[in-house]
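Q:
Protein chains in written order, with my numbering: chain A, 1 to 908; chain B, 1001 to 1908.
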């Protein structure tokens, strides 16, 4: 015979059947309540019906498993005994709340019913006991509204049209009374008003739903319990689980708990608090409370909550009473509980409490949310306190949170209520606030005067750089994550949003920017969240914390470095970037793009090369670039002082260096001394239908071998210069866009030849590596062929994602946000590596590459290299390093350490 | 002790050590000579030194393996005995030729030395014997020239500057004599002239190469043999083998053979012939000959060769004597040999013969080259004769040869010597000759009058179609294989070349087309080879053979169909195309593109849809398209009469339906009643950086679900119409560009819903399948996820190749031809499936797809579906069918049959 499982877990009076470890069975709420009871804390007694019961309930088509009622009744009796009250007893009635509680928090997805046990028989007693008829009828009307909505309508599967649901109908009745009496808020309603409304509520319920509101307390209780079970398969909960990929078989627990009231008079109160300050991490009790109020009043924003103590005061409540001052004894009791919870859970807790008639009750405890700086401080403080290990501290801070330290951020509270103008691709992180300017010149003019400006353009080009630097942020209506604006901004760590499709028109002449119907003028203020890609109207407050100013940052990073096995390099094109990255912990350069070095004045030599008739003419033009390139590389080598430097040969197609507009073509023709016709013809010839898939990367190096030769020569001559000055150098030359072994061999042959020539000429021997980007899908598939020749791989996951999905990043803005929102894709694959597709190709590339060359060095230099979940993936598939923009280096270091910790946890 | 291998294979006097099966050891030439000897045919005696000897030679650093000389001398003695002459004997000298002979023909890659044995001692005897001093000195100077070049210079590794080689210096001496005496050709030189030149030759050789020309016959012989060995690793031979992927370890054999001369007098002759007519396949002896001439005179084109018999006569030699008439006895002997070779080898042979003093000698036999119609006729004739099996017949015709039947072709002979203007992408097969016209109107005007025109444009658009139809061919300077011109031309089977980068300018105003410096005017004649992608100046002759006119075509195709297991479908967008394809053997439609159905008048409804503000507006516009689409599908279903029809939902991005030019935008604005500004803004909004990777395919169907719904409705309503008329239908709806399971589910949900609606409304039940293109690389990688939902796959290898390589087909013209020429790629991957990359993805897709759905139907509808080696690959990886343009259907049928035969051969 099968023993039936235990369905009901009692808690109360210092005893509990469950504990904090039983989250799967009791849900997060139930398990923590049990734990608090065990710790001797004052918790209103009650019982938790297990998640397994929920599963049984659905297995049996909505019937209770045998034994459930018996167990529940037994637990109820124990509660009655502790409370010395009886459920439904007209003389001394007990009231219950019924709440859901799943393993993971599913905020607002499931149901709650409060004040269960209020009936025509118990109400007079309660009025007599409390002397507060308004309180009692207010509670009663809440019960009727919740019950009729949750139990009688939703759980019964009734789907009324929008605005025709029972809840809306009942709300309308309240509004009628308010209107009639000229009331502003619900607080203005009198006891008589509520009493009248309770009657109207019951009539309406009966009329609309065809059934009366039950006056039987047991019917109320079980109706509510079943409704919570039903809500597990409610529409909202199911679609939430689909999105969050939570399994259906978890089920929900149901918590039946004695009601306590913070709104029964001035010896009552309610509050929410954190065991440490969630904004700074300081080890102070921090919280808000209200006297004579219900829990929801504290968070609803209608009344200004008071600070529980002086350290919790902010400008809005500094004149208002504290709990510490008002109820010093209870505050002390609460503070003791706070300390106990903080050390017991070894993490900052978010707690809810209610004081009913001078008695403190704990309603909930759970791990509290915190911002980045606070997370770091708490984690490092707790190590100092001996509460947690260094490893635990490292795992406590989410890598994304470091972004808050590295860039100014829009205050999340303000952002929640701000007026959003539109969204785009998050090209540069952090927040920015400034006046709209539409030209680079204007941006420079105002920006250098110290005014805060945001440069808004359709797109940017190298000619705009002087205006991009002094701008707070850059916003473009077109372009993708690899557009000029995005690349430049990311390098600088500057806030930038590109491809903002909500900008329907940028009118330079009229000096306006249209977001659909909303037209802003130059000089109007906007705010941007570049981490999320959102644009807001007006000025939003910014929060800034530098890593240096963040207590514990250095310590935490050192611990992370001790744990991680994955190397962290940076993408840097200038000595300045390189310096910044080293300061943030970069161990080398994983990607130096050389194309940026071809703009500015140098563009003229590039254009001369493009217009040359043959290889000789091209060589002549390239000779002008050689000394400049050499200087570029020398500068970077010097800063890197022997750390590895991966230099990618020229990647973009040549048409990026010639102008499309007639006047600029005329200027080019005049300066190079050729007919305009010739320039126009060349521009036409170079233009491409799909530049992303065009004549670029090593394809260019193969058809224009003199470019590869010049760049190699510049690198090697810079190496020699360093060597002569006793500066250590580790150059790694990277061939871009390789898809076949033959392409790589072609380029390597040139590089090796130039190396021999430079060695011979300078009589200096030096070491170097030649490797390739793996970004074309084919390259991953034939990695075993390419690795025969290549000494290192670096995954270019930006392009690989474009080609594997067939998404042009510059164009995907018209459907990708839709895809992510509708969960056709779990994430934007340009943010986080797509494991099934791109990740699969990476794994193929790693295993095939290492199959023929065991010690093949493999890294990643796409933007994914700085995204935490992608860093984890890179660690899992055995890469040697990730490379990311300087401002993401700390994020990568932390993510890499956490990947190791996750491994260790799995192995246990 | 190791027995040393046999190095030398003797042949002559009716006996031979080797035979035709020993090609690997004796080379093709040596093996066939041995076979002819065994068949009792008159072959000048000699011996073959094996390919293994060549390998030994290189293993021993250019030393002969022990025993070789002894074996060779023994064979030489047997030759002397047969000929009753002695090598180097002043009284009765024997002369030898030394020729290379590898397993596979390597035309012109290796060396030959003739007339070996001519020395100061043997020359007088030969003059006395022949009475022909001019003949002897002519032979002597040839020996000196060949020997000094091949043996003394090339094999010695001397690399002179261009034009400074010994051969060029000697030629210059001849030119001097000709100039001095006012001679036109070498034939004008007298015996004295040649004698004098022989002296000068020897002096020059000594002066330039520092060594005298050897007067020792044995030295001449072994010098020549070693030089042939050396030539195996000569520059030309090595690079030829790299290109053709032939291994180095094959080595070459050396054939040492008694010299016979066709130029010793009027009882001498030489000729080349085919055992059957290589142009028609008729079973007639066909060949050319010359009296008193050397073999090279027949092929060199200086003298007009005679026909060997009356059936071989052509206009240029119909008045000249035949061998049959001139030397009837010898002709009869030759004809007997011809019949014997033809039946013995069971294939048409290409033979060389020489008549020396009324004696016939056979010099060579090998399988003869033939054109397509001839190949078909010979193969089917030989089955009738009982010579070969049907399977053998099917394997005898190269599938590409069928192209010659299906399109007019430029005469290959004329093409060889034509003036090439440029090259481009081979977008439409066959040949075309016509006057240049630069506008569609002009093309229509002249074309409908019956004039032959070629429409030359930068690009074509749907507005040009009326001029494309009457043109013989279409030539564009821009665009790729998926450009408008290419798609339209391919559907029609019309000759078309796109992306011809050699066209530097098309000047509509001046009515000129510039190919670099060469400027042609409208009205000038050009010729095009659309199969190869080459453009020529002037009028080249065209050859046309329809499949119906080709004897044996139907029979051969029937046999092929009996053998093949792979299905063959067609890509067809209209009932006309479908009809044509059925006539050519298509078993269904593998791809109906629906985008072509959106042009013309219908474009206005499409534009209305594009300009609509919301889904409702779009639906309204789409309702106009519904009846037209329904008619489209009904027409195709009717023709296909129950054969499967795969219809692909709308694939191209919306910007293809809106005009880029201002005037057209104005027209659009006026017609749709919206401001021009709105149209321009929409066009701007829709424009994409990389349309290939943009908002198209199912991405469009997902963001604009009403398009998917309309197309599905049109399909299903057409199905119902057919069903009501008792017409069988098998519709297969194909979702394009799927990359994730969720995308497919989204579209399938819409399709299934519409199907239910149509069934409910019409009360007609019908079956249909829903499947997807596999063209995005990711789709192949996650095929196991997609196949959970999709009922069939169709590989879109055009797009898959673009994405796997990262090549935009429209842009790759600037580097891809270079890549193929430099063998960075073995083939153009858009022509022939890249097996390592794209092929690997296909295999992954097939195995993962069938892992979750065993009966998953898988086809291919990229252009590769009609390319023979790709068809073989599709067979090998287990596809169910290939689909190609109507004119490639027979090619695919034959290739599919040959793939089965290749399998059977492997298994044996």
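Here a beta-carbon is modelled for each residue, glycine too, at the ideal position from N, C-alpha and C.
Source: prediction; values computed, not measured.
From the DSSP secondary-structure annotation, give me the bridge partner or partners of residue 1505(B).
A: Here residue 1505(B) corresponds to residue number 505 of the second chain, with the count starting at 1. Residue 1505(B) pairs with 1514(B).
Q: At the level of alpha carbons, what is the spacing between residue 799(A) and residue 846(A)?
A: Your numbering for residue 799(A) matches position 799 in the first chain. Your numbering for residue 846(A) matches position 846 in the first chain. Roughly 17 Å separates the two Cα atoms.
Q: Can you check whether the C-beta of residue 1428(B) is within less than 7 Å of a C-beta belonging to chain A?
A: Translated into positions along the second chain, residue 1428(B) becomes position 428. Chain A, which has no Cβ nearer than 7 Å to the Cβ of residue 1428(B), makes this no.
Q: Flag this pair as touching only if the stretch 1605-1620 of chain B and the stretch 1877-1884 of chain B have three or more C-beta atom pairs under 8 Å; answer yes or no.
A: At 8 Å Cβ cutoff, the stretches do not touch.
Q: How many whole angstroms separate the CB atoms of residue 90(A) and residue 125(A), which I take to be in contact at a CB cut-off of 8 Å?
A: Within the first chain, residue 90(A) is the residue found at index 90, counting from 1. Within the first chain, residue 125(A) is the residue found at index 125, counting from 1. Right, their Cβ atoms sit about 6 Å apart.
Q: Where in the stretch 131-180 of chain A do unbroken runs of the alpha helix (DSSP H), each at least 4 residues long, occur, reported from the N-terminal end onward?
A: Within the stretch 131-180 of chain A, the complete alpha helix (DSSP H) runs of at least 4 residues are 133-147.
Q: Do residue 1787(B) and residue 1771(B) come within 7 Å of each other at the CB atom, strictly closer than that value?
A: Taking the first residue of the second chain as position 1, residue 1771(B) is located at position 771. Taking the first residue of the second chain as position 1, residue 1787(B) is located at position 787. Contact flag unset, no.
Q: Under 7 Å between C-beta atoms, does residue 597(A) make it to chain B?
A: Within the first chain, residue 597(A) is the residue found at index 597, counting from 1. Cβ-Cβ to chain B under 7 Å: no for residue 597(A).
Q: Quick one, which of 573(A), 211(A), 312(A), 589(A) has its alpha-carbon nearest residue 274(A)'s?
A: In the first chain, the residue the question calls residue 274(A) occupies position 274. If we check each option's Cα against that of residue 274(A), 312(A) comes out closest.
Q: From the beta carbon of residue 516(A), is the nearest beta carbon of chain B less than 7 Å away?
A: Sequence index remark: in the first chain, residue 516(A) carries index 516 (1-based). No - not a single Cβ of chain B is within 7 Å of the one on residue 516(A).
Q: So, helix, strand or coil for residue 564(A), using DSSP?
A: Position 564 of the first chain, counted from the first residue, corresponds to residue 564(A). Of the three classes helix, strand and coil, the one that applies to residue 564(A) here is coil, per DSSP.
Q: For residue 1023(B), does the count of other Cβ atoms within 10 angstroms reach 16, so buried, or fall short, so exposed?
A: Translated into positions along the second chain, residue 1023(B) becomes position 23. Counting Cβ neighbours within 10 Å, residue 1023(B) comes out buried, since at least 16 surround it.
Q: Does any C-beta atom of chain A lie closer than 7 Å to the C-beta of residue 1695(B)?
A: Mapped onto the second chain, residue 1695(B) falls at position 695. By this cut-off, residue 1695(B) is an interface position.
Q: Taking the beta carbon of residue 1441(B) as the centre, do at least 16 other beta carbons fall within 10 Å, making it buried, or is it exposed?
A: Locating residue 1441(B) in the second chain gives position 441, where the first residue counts as 1. With fewer than 16 Cβ atoms within 10 Å of its Cβ, residue 1441(B) is classed as exposed.
Q: Just tell me which of 1687(B), 1563(B), 1732(B) has its CA closest to the CA of residue 1643(B).
A: Start at 1 with the first residue of the second chain, and residue 1643(B) comes out as number 643. When only C-alpha atoms are compared, the closest one is 1732(B).
Q: Counting only beta-carbon separations shorter than 7 Å, does residue 1660(B) have a partner in chain A?
A: Here residue 1660(B) is taken as the residue at index 660 of the second chain, counted from 1. It does not; no Cβ of chain A falls within 7 Å.
Q: Answer yes or no: the CB of residue 893(A) versus the heavy atoms of the ligand HEM, is any distance below 6 Å?
A: Absence of the ligand HEM from the depicted structure is noted, as is the absence of any ligand whatsoever, leaving it without description.
Q: At a Cβ threshold of 7 Å, is residue 1715(B) touching chain A?
A: Position 715 of the second chain, counting from 1, holds the residue named residue 1715(B). Not an interface residue.
Q: Taking Cβ positions only, does residue 1115(B) come closer than 7 Å to chain A?
A: Numbered from 1 along the second chain, position 115 holds the residue referred to as residue 1115(B). Cβ-Cβ to chain A under 7 Å: no for residue 1115(B).
Q: How about residue 1019(B): is its C-beta nearer than 7 Å to some C-beta of chain A?
A: Here residue 1019(B) corresponds to residue number 19 of the second chain, with the count starting at 1. With 7 Å as the cut-off, residue 1019(B) does not count as an interface residue toward chain A.
Q: Between the beta-carbon of residue 1155(B) and the beta-carbon of residue 1227(B), is there less than 7 Å?
A: Within the second chain, residue 1155(B) is the residue found at index 155, counting from 1. Within the second chain, residue 1227(B) is the residue found at index 227, counting from 1. Yes; because the gap between Cβ atoms is below 7 Å, this pair is in contact.
Q: Can you tell me which of 817(A), 42(A), 4(A), 507(A) puts its alpha carbon nearest to the alpha carbon of residue 15(A)?
A: Mapped onto the first chain, residue 15(A) falls at position 15. Residue 42(A) is the option with its Cα nearest to residue 15(A).
Q: Identify the contact partners of residue 911(A) in chain B, using a Cβ-Cβ distance below 7 Å as the criterion.
A: The structure shown does not extend to residue 911(A), since chain A spans only 1 to 908, so no value can be given for it.
Q: 7 Å is my cut-off, CB to CB: does residue 657(A) come that close to chain B?
A: The sequence position of residue 657(A) within the first chain is 657, counting from 1. Taking Cβ atoms only, chain B never reaches closer than 7 Å to residue 657(A), which makes this a no.
Q: Check each candidate in 1870(B), 1462(B), 1473(B) and name the one with the smallest Cα separation from residue 1452(B).
A: What you label residue 1452(B) is simply residue 452 of the second chain in a count that begins at 1. Taking only the C-alpha atoms, the option nearest residue 1452(B) is 1473(B).
Q: Which residue comes first and which comes last in the beta strand (DSSP E) that contains residue 1380(B)?
A: For the purposes of this step, residue 1380(B) is identified with residue 380 of the second chain, where counting begins at 1. Unbroken run through residue 1380(B) is the alpha helix (DSSP H), 1372-1384; no beta strand (DSSP E).
Q: Return the CA-CA distance between residue 1436(B) and residue 1419(B), expressed in angstroms with no decimal places.
A: The residue you call residue 1436(B) lines up with position 436 of the second chain. The residue you call residue 1419(B) lines up with position 419 of the second chain. One C-alpha to the other measures close to 16 Å.
Q: Can you find a CB in chain A that lies within less than 7 Å of the CB of residue 1853(B)?
A: Your numbering for residue 1853(B) matches position 853 in the second chain. Judged by the 7 Å Cβ criterion, residue 1853(B) is not in contact with chain A.
Q: Find the residues of chain B that neighbour residue 586(A), judging by a C-beta separation of less than 9 Å, and give them in chain order.
A: For the purposes of this step, residue 586(A) is taken as residue 586 along the first chain, with counting starting at 1. Per Cβ cutoff of 9 Å: no residues; residue 586(A) is ~29 Å from chain B at best.
Q: Is the beta carbon of residue 1705(B) sitting closer than 7 Å to the one on residue 1655(B)?
A: Indexing the second chain from 1 puts residue 1705(B) at position 705. Indexing the second chain from 1 puts residue 1655(B) at position 655. Not closer than 7 Å, so no.
Q: Cβ of residue 448(A) within 7 Å of Cβ of residue 459(A)?
A: As a position in the first chain, residue 448(A) is number 448, starting the count at 1. As a position in the first chain, residue 459(A) is number 459, starting the count at 1. For residue 448(A) and residue 459(A), no; Cβs fall outside 7 Å.
Q: With a threshold of 7 Å on Cβ separation, who are the neighbours of residue 718(A) within its own chain once the five nearest residues in sequence on each side are excluded?
A: Walking along the first chain from the start, residue 718(A) turns up at place 718. Cβ neighbours of residue 718(A) beyond the five flanking positions: 630, 633, 634, 637.
Q: Since I believe residue 1712(B) is in contact with residue 1755(B) (beta carbons under 8 Å), could you give me their beta-carbon distance rounded to a whole number of angstroms?
A: As a first step, residue 1755(B) must be located in the second chain, where it is residue number 755. As a first step, residue 1712(B) must be located in the second chain, where it is residue number 712. The Cβ separation is near 7 Å, so the contact holds.
Q: Return helix, strand or coil for residue 706(A), following the three-state DSSP convention.
A: Walking along the first chain from the start, residue 706(A) turns up at place 706. The answer is helix: DSSP assigns residue 706(A) an H, G or I state.
Q: Quick check: the Cα distance between residue 381(A) and residue 552(A), rounded to an integer number of angstroms?
A: As a first step, residue 381(A) must be located in the first chain, where it is residue number 381. As a first step, residue 552(A) must be located in the first chain, where it is residue number 552. Distance between the alpha carbons of residue 381(A) and residue 552(A) is about 8 Å.
Q: Determine, for residue 1839(B), whether the minimum Cβ-Cβ distance to residues of chain A falls below 7 Å.
A: Taking the first residue of the second chain as position 1, residue 1839(B) is located at position 839. For residue 1839(B), the answer is no, since every Cβ of chain A falls outside 7 Å of its Cβ.
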